[in-house]
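Every number in our numbering is 235 more than the matching position in the sequence shown, counting from 1.
Below is one structure, written out as structure tokens; comments come after it.
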Amino acid sequence: MTQTANNYGKVLYELSIPKEEVEQTAKLFEEEPKLLNILQNPTVLRKTKYAVIDRIFDGKMSAFLKLLCKYGRIGQLTDAFIAYREYYEKQHGILHGQVYYVNPLEKTEKERIVQFLKEKFSCEEVLLEEEKNESLLGGYLLKAGGIEFDFSYEGRLHQLEKKLIGR
């Protein structure tokens with residue numbers, strides 16, 4: 236993702252457009268790629284692009300999309316939406332994590348994992364994705380904030396092996 240897309244994502248956040256509206260707009264562009272193609276097409280007059288935008292969007296979102304068209308940056312819209320989500324989550328203390336397991340986690344285990352991540356990363360909310368991974372033998376592997384926490388049997392065996400051979 237480019238710095239320009241990150242900047243536009245931050246601008247989108249700072250415009251205080253409701254998150255739901257931003258997500259609906261992102262979904263619309265995802266479901267209707269022809270719309271983005273029209274807005275990116277250099278042969279379509281800016282006036283026509285603005286008319287299309289005004290017909291579908293209003294307020295601050297309309298102004299934002301027109302700005303991207305004006306400066307020829309509409310092609311970075313998808314990345315700007317991704318940057319917006321990342322910036323939004325950072326500002327609201329939301330952390331994404333993945334947990335890989337052999338046996339499904341019980342509710343209390345999930346709660347302990349979420350609490351561990353909240354304390355470790357000083358965040359308000361944890362969105363945890365769960366995925367089965369038979370290769371772990373048992374336990375679980377946790378990834379969040381660019382860090383991996385290995386609580387699997389395989390990982391514990393590997394740690395024990397390192398201690399025994401002194402490495």
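Yeah, the Cβ is synthetic: ideal placement off N, Cα and C, and Gly gets one too.
With 16 other CB atoms within 10 Å as the buried threshold, where does residue i fall?
{"i": "MET236", "result": "exposed"}
{"i": "THR278", "result": "exposed"}
{"i": "LYS342", "result": "exposed"}
{"i": "ARG320", "result": "buried"}
{"i": "ILE400", "result": "exposed"}
{"i": "ILE309", "result": "buried"}
{"i": "GLN311", "result": "buried"}
{"i": "LEU300", "result": "buried"}
{"i": "LYS397", "result": "exposed"}
On the three-state DSSP scale, how would you describe residue i?
{"i": "PHE220", "result": "Past the boundaries of the shown model lies residue 220; the chain is included only from 236 to 402, so the question cannot be answered."}
{"i": "GLU396", "result": "helix"}
{"i": "GLU359", "result": "coil"}
{"i": "GLY390", "result": "helix"}
{"i": "TYR336", "result": "strand"}
{"i": "LEU303", "result": "helix"}
{"i": "LEU377", "result": "strand"}
{"i": "LEU280", "result": "coil"}
Taking Cβ to Cβ, would you say residue i is nearer than 7 Å to residue j?
{"i": "SER387", "j": "LEU376", "result": "yes"}
{"i": "LEU352", "j": "VAL361", "result": "yes"}
{"i": "ALA240", "j": "ALA315", "result": "yes"}
{"i": "GLY244", "j": "ALA298", "result": "no"}
{"i": "CYS304", "j": "LEU280", "result": "no"}
{"i": "PHE356", "j": "GLY381", "result": "no"}
{"i": "TYR306", "j": "TYR248", "result": "no"}
{"i": "GLY373", "j": "VAL337", "result": "yes"}
In the DSSP assignment, the beta strand (DSSP E) including residue i goes from what residue to what residue?
{"i": "GLN238", "result": "No beta strand (DSSP E) contains GLN238, which is instead part of the alpha helix (DSSP H) from 238-249."}
{"i": "GLU346", "result": "Taken as a continuous stretch (DSSP letters only), GLU346 belongs to no beta strand (DSSP E), being part of the alpha helix (DSSP H) at 342-356."}
Just reading off the alpha helix (DSSP H) that residue i is part of, what are its end residues?
{"i": "LEU371", "result": "Per DSSP, LEU371 belongs to no alpha helix (DSSP H) and is neither H nor E."}
{"i": "GLN259", "result": "254-266"}
{"i": "THR313", "result": "312-326"}
Say whether the region 326-344 touches the region 289-303, bearing in mind that this needs 3 or more beta-carbon pairs closer than 8 Å, one atom from each stretch. No contact exists between the region 326-344 and the region 289-303.
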